[in-house]
Amino acid sequence: MQNAADLVVPAIAVQPSRRHGARPSRPSHWLLIISAILLSVLFIGVPMLVIFTYAFREGIAVYFSQIAQPATLHAVWLTVLTAIVVVPINMVFGICVAWLVTRFRFPGRRLLITFVEIPFSVSPIVAGVTYLFLYGSQGLLGPLLDSYDIKIMFTVPAIILVSLFVTSPFVARELIPLMQAQGSEDEEAAITLGATGLQTFFYITLPNIRWALLYGAVLCNARVMGEFGAVSVVSGAIRGQTNTLPLQIELLFNDYNVTGAFAASSTLALIAVVTLVLKYLLERKQTS
Amino acid sequence: MSLLSKSSTRGILPGFGLTMGVTLLYFAVIVALPLLAMLYKSVNLGWADFWTIISSERALATYRITVGAAALATVFNAVFGVLLAWVLVRYEFPGRRLLDAVIDLPFALPTAVAGLALVTVFSTNGWFGQYLEPLGIKVAYAPLGIALAMMFTSIPFVIRTVQPVLEDVATDAEEAARSLGATNWQIFARVIWPAIFPAFIAGCSLSFARSLGEFGAIVFISGNLPFETEVMSLLVFIRLDEYDYPAAAALATVMLVTAFVMLFVTNSIQAWQLRYAERS
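Protein chains in written order, with numbering that gives the first Met the number 0: chain A, 0 to 287; chain B, 0 to 279.
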């Protein structure tokens with residue numbers, strides 16, 4: 000049984016040889032093409048355009064002064080910090096899961112793959128709530144943490160933990176189909192010839208999966224930086240202390256600072272565009 | 000002896016214990032423990048209290064609004080998705096690659112940014128809103144806005160599930176049908192549609208599931224009025240804000256159970272799709 004999320008963004012490993020479309024030859028073909036383009040422009044292109052238009056509508060100087068506001072800069076820093084911590088951890092987790100389920104057969108393997116994908120199905124708000132009921136003062140571990148005077152909820156560690164939850168399947172989802180397709184003959188040969196496990200991983204496995212690994216990391220990074228619902232529950236959103244960029248956008252918007260909100264948004268929109276460009280390049284690298 | 004039997008079932012590669020340990024520990028700490036903590040909180044409420052919370056008038060209104068808007072968004076994405084998958088696979092035209100890449104933007108763009116952009120475009124003075132509102136179509140701060148936000152954040156699902164299947168539809172079956180005198184429409188209805196249908200349904204259910212849980216994009220555009228434009232995720236958030244933790248736990252549990260049901264449904268559909276693909 001294949002998993003739900005496998006199909007969301009097709010894994011770059013298993014791309015079939017693309018069927019080549021024909022040149023549209025009749026008016027009805029052009030009608031379909033034009034309506035597809037028109038709808039995409041209306042519903043995807045225009046919202047993207049509005050972000051940059053509003054961000055720059057008072058000029059470049061105002062744009063940069065909005066970005067350079069201490070609260071926004073701090074939010075940028077916190078967002079980057081979260082990504083720096085979360086992405087490598089989930090890369091290691093993704094590699095472990097992929098190695099486990101593609102290199103060994105064991106009872107419960109399919110169930111494990113389904114379990115690993117659970118965070119994709121959970122609403123971000125629910126993700127945040129679950130952490131509140133684990134580490135919050137009302138939560139399961141709350142009294143214990145209180146007795147040691149440890150505070151996790153509404154701090155940076157809470158943001159990091161909930162981001163780990165939300166993005167934990169991203170790397171595994173890219174690696175599993177690829178490593179499945181590649182098989183383990185190369186690694187078995189290396190082990191038979193006397194290589195250690197680590198040597199095998201770094202000299203055989205890693206070069207084979209590097210682009211897919213990077214691709215998973217890029218997707219993971221985009222989601223970490225953009226996560227809103229889960230982070231808004233656990234951060235407490237103390238201005239300038241635990242506000243990540245998406246939360247800062249909401250705050251500026253609610254303060255009627257529209258230009259500021261769009262200036263902050265434009266940085267995240269730019270990251271989204273860069274993510275797509277990297278996706279395109281990495282897909283080509285992996286398949287070539 | 001034990002070494003031998005191990006290698007015969009698991010191959011010669013090392014790292015089984017290590018990766019199993021890391022995977023289970025990480026999954027337990029990061030995913031399972033928080034989920035169980037919330038379920039524990041809900042169970043502790045007792046059935047009577049739990050039922051009172053989740054069947055309150057306000058909660059029922061959020062279910063209606065959320066499911067209604069998600070259904071509307073899914074119907075739109077179903078049509079839009081098939082159209083785009085079709086155009087991207089079947090025709091070669093200038094800008095096709097760009098269009099193919101742009102489709103993923105709603106997944107890459109943070110939901111808060113999407114919500115901000117959509118509310119600005121569709122508000123009374125916005126680029127689209129200024130023309131729509133005189134016609135009596137209110138999108139921002141109305142139920143339609145919720146559907147729009149859900150639609151935007153789940154655009155790629157149907158396209159990306161249907162596209163690879165459509166690429167694989169055998170041209171020989173199509174040509175055979177054509178040589179037997181089938182019209183274009185008959186070929187689509189009898190040959191192509193049955194082949195892509197399971198993938199199409201899988202894409203729709205992914206899109207619907209995602210819409211049920213959406214939060215970031217919706218809070219910007221919905222207006223958040225109880226009984227009118229309040230969705231499930233927002234009510235959970237409001238209960239937290241009011242320090243009404245039991246209510247937040249109960250409502251979040253409803254969302255979690257719904258998500259698991261949708262996951263089961265989607266997985267079943269995809270299992271069916273795979274069987275279907277193998278048979279044909």
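No residue lacks a Cβ here, since even glycine has one placed at the ideal position from N, Cα and C.
Note that the structure is a prediction, hence the values are computed from the model and not measured.
- Assignment of Tyr244(B) by DSSP, reduced to helix, strand and coil, places it in the helix class.
- In the three-state DSSP reduction, Ala21(A) falls in the strand class (E or B).
- Residue pairing by DSSP puts Tyr90(B) in a beta bridge opposite Ala21(A).
- With its beta carbon less than 8 Å from one in chain A, Ala111(B) belongs to the interface.
- Inter-residue distance for Ile151(A) and Ala67(A) is about 29 Å (C-alpha atoms, whole angstroms).
- Bounds of the alpha helix (DSSP H) holding Tyr62(A) are 59-66.
- In summary, the residues of the stretch 78-92 of chain A whose CB is separated from some CB of chain B by less than 8 Å are Val91, Phe92, in the order they occur in the chain.
- For Leu205(B), the uninterrupted alpha helix (DSSP H) run begins and ends at 192-212, by DSSP.
- Rounded to whole angstroms, the separation of the alpha carbons of Ala188(A) and Trp271(B) is 37 Å.
- When the Cα atoms are used, Gln285(A) and Asp103(B) turn out to be separated by approximately 19 Å.
- In this structure, DSSP gives Gly44(A) a helical state, which the three-state scheme calls helix.
- Of all alpha-carbon atoms in Thr119(B), Pro245(B), Glu91(B), the one lying nearest the alpha-carbon of Trp46(B) is that of Pro245(B).
- Closer than 8 Å to the CB of His73(A) there is not a single CB belonging to chain B.
- Rounded to the nearest angstrom, the Cβ distance from Val84(A) to Ile33(A) is 46 Å, too far for a contact under 8 Å.
- A straight-line Cα-Cα distance of about 12 Å links Pro245(A) and Ala262(A).
- By the CB criterion at 8 Å, Leu12(B) and Arg109(A) fall outside the cutoff.
- Contact of Arg102(A) with chain B by beta-carbon distance below 9 Å involves Arg9, Gly10, Leu12, Gly14, Phe15, Thr18.
- By the CB criterion at 8 Å, Ser265(A) and Val101(B) fall outside the cutoff.
- For the stretch 83-97 of chain B, the set of positions with a beta-carbon nearer than 9 Å to some beta-carbon of chain A reads Leu83, Trp85, Val86, Leu87, Val88, Arg89, Tyr90, Glu91, Phe92, Gly94, Arg95, Arg96 in chain order.
- Residue range 95-101 is occupied by the alpha helix (DSSP H) that includes Asp99(B).
- Bounds of the alpha helix (DSSP H) holding Pro206(A) are 205-225.
- If you compare the alpha carbons of Trp76(A), Val161(A), Leu197(A), Leu133(A) with that of Ile94(A), the shortest gap goes to Leu197(A).
- In this structure, the CA atom of Ser122(B) is about 39 Å from the CA atom of Leu133(A).
- DSSP places Leu131(A) inside the alpha helix (DSSP H), whose first and last residues are 123-134.
- Taking the Cα positions, Gly107(A) is about 10 Å away from Thr113(A).
- Cβ atoms of Val96(A) and Val115(A) come within 8 Å of each other, at about 6 Å.
- Between Thr243(A) and Thr78(A), the C-beta spacing is below 8 Å.
- Here Thr154(A) carries a coil assignment [DSSP, helix/strand/coil].
- Of all residues in the stretch 226-250 of chain B, those with a C-beta nearer than 7 Å to a C-beta of chain A are Ser232, Val235, Phe236, Leu239, Tyr244, Ala247, Ala248, reading in chain order.
- Rounded to whole angstroms, the Cβ separation of Phe153(A) and Thr241(A) is 6 Å, and the two are in contact under 8 Å.
- For Arg102(A), the uninterrupted alpha helix (DSSP H) segment begins and ends at 69-102.
- Only buried fits Asn266(B), as 16 or more other CB atoms lie within 10 angstroms of its CB.
- Taking a cut-off of 8 Å for Cβ pairs, the stretch 135-147 of chain A and the stretch 174-193 of chain A do not touch, as fewer than three such pairs fall below it.
- DSSP places Leu23(B) within a helical segment (H, G or I) once states are collapsed to three.
- A direct Cα-Cα distance of roughly 16 Å separates Glu186(A) from Ile175(A).
- Between Ala72(B) and Ser210(B), the C-beta spacing is below 8 Å.
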